[in-house]
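Undergrad:
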Ligand SMILES: C[S@@+](CC[C@H](N)C(=O)[O-])C[C@H]1O[C@@H](n2cnc3c(N)ncnc32)[C@H](O)[C@@H]1O
């Protein structure tokens, strides 16, 4: 992977170059650690899951588990998991009673992984896994009761080149995906629909706040917990975005 500059936030609205440089280093470390895992099985929520190479490893940080526990799944309704990875949250949503689950990821290996885990847990009829750059490949008319993304929080500069699938799980180039998620996610909600973002302290809060303000929206904290990830303390935050 092309090394990220020590500080990626020279012209950042957040003006916190040191922290951004630190987040970039931790991000590169995370890509390396998740990349070492390879094909394997892991246990989460008392269930066995398949993990394919180049897919974000849920057992390596607490984010997947915490956000899945905190999310208000719409029982009998529709749930969209953006960036489904191995599919733990999407499959759990179906097992907890969502009538229809859409699981999207830009990484084709993650889409395959989610299909494997949906079949393994008997919910392939209710979980549709789609390769999509955010909402691009989804039915334009589709609306959801809950939309959620455990996002790639680490800011990467505008000239960052993705060289492997796993980098999409960690780095957001120019924070463009966060801007699109906030804007387009709000437009994808059903009448009483809710938009969530799984964020953490490696992310660029100032850029996120700017994206939310640009969309004319507000952001509030639904739940939070500080724990260790990749040997550094990380605050995991489930955020809700509203108009
Ligand atoms: C932090 S990982 C979370 C994976 C999984 N949801 C979990 O919690 O274990 C972020 C996921 O978002 C996906 N992703 C990144 N950019 C995306 C985009 N533009 N469109 C769709 N998915 C994207 C990544 O490939 C990755 O699977």
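Numbering (UniProt numbering), first residue to last: 1 to 243.
For glycine and all other residues, C-beta sits at the position ideal for the given N, C-alpha and C.
(1) Can you give me the C-alpha to C-alpha distance between residue 214 and residue 75, rounded to a whole angstrom?
(2) Can you give me the C-alpha to C-alpha distance between residue 17 and residue 235, rounded to a whole angstrom?
(3) Residue 8: buried (16+ other C-beta within 10 angstroms of its C-beta) or exposed?
(4) Within the continuous alpha helix (DSSP H) that includes residue 209, where are the two ends?
(5) Quick one: residues in its chain with C-beta nearer than 8 Å to the C-beta of residue 42, no 5 flanking neighbours on either side, listed in chain order?
(6) Can you tell me which of the three DSSP states residue 192 falls into?
(7) Find out if the Cβ-Cβ distance for the pair residue 131, residue 146 is shorter than 8 Å.
(8) Do you know offhand how far residue 221's Cα is from residue 199's?
(9) Count the other CB atoms, across all protein chains shown, that sit within 10 Å of the CB of residue 156; report buried if there are 16 or more and exposed otherwise.
(10) I need the straight-line Cα distance from residue 102 to residue 54, nearest angstrom please.
(11) Only counting the same chain, and skipping five residues up and downstream in sequence, which positions put a Cβ closer than 8 Å to that of residue 12?
(12) Tell me which residue opens and which closes the alpha helix (DSSP H) that residue 50 is part of.
(13) What does a CB cutoff of less than 7 Å around residue 108 pick up in its chain, not counting 5 residues either side in sequence?
(14) By DSSP, does residue 240 sit in helix, in strand, or in coil?
(15) Let me check understanding here. Comparing Cα to Cα, which of 86, 191 and 22 lies closest to residue 40?
(16) What residues in its chain sit with their C-beta under 6 Å from that of residue 115, if we drop five residues either side in the sequence?
(17) Which term fits residue 182, buried or exposed, when burial requires 16 or more other beta carbons within 10 angstroms of its beta carbon?
(18) Can you tell me whether DSSP reads residue 67 as helix, strand or coil?
(19) Less than 7 Å separating the Cβ of residue 185 from some heavy atom of ligand 1?
(20) Taking DSSP as the reference, what is the three-state secondary structure of residue 89?
(21) Between the Cα of residue 26 and the Cα atoms of 118, 139 and 171, which residue gives the shortest distance?
(22) Between residue 177 and the rest of its own chain, which residues show a CB-CB distance below 6 Å, the 5 nearest in sequence each way excluded?
(23) Kindly identify the DSSP beta-bridge partner or partners of residue 84.
(24) Give me the residue from 23, 165 and 238 with the minimum Cα distance to residue 63.
(25) Which residues end up in the neighbourhood of ligand 1 when you take C-beta atoms closer than 5 Å to any of its heavy atoms?
(26) Using only the alpha-carbon positions, how far apart do residue 71 and residue 161 sit?
TA: Short version:
(1) 32 Å
(2) Bear in mind that a pLDDT of 45 at residue 17, under 50, signals an unreliable position, so the number given afterwards is only what the model happens to contain. Spanning the two alpha carbons is a distance of roughly 19 Å.
(3) At residue 8, the pLDDT of 29 sits below 50, so the modelled position is not reliable; the number obtained from the coordinates is stated separately. Buried.
(4) 205-214
(5) 48, 49, 51, 57, 58 and 59
(6) strand
(7) no
(8) 10 Å
(9) buried
(10) 21 Å
(11) Because residue 12 sits at a pLDDT of 33, beneath the cut-off of 50, its placement in the model cannot be relied upon, and the point is left open.
(12) Element bounds for residue 50: not the alpha helix (DSSP H) but the beta strand (DSSP E), 47-51.
(13) 131
(14) strand
(15) 86
(16) 129
(17) buried
(18) helix
(19) no
(20) helix
(21) 171
(22) none
(23) For residue 84, which the question treats as bridged, DSSP gives no partner whatsoever.
(24) 238
(25) 56, 58, 64, 83, 85, 105, 106, 107, 110, 133, 134, 150, 152, 168, 169 and 177
(26) 32 Å
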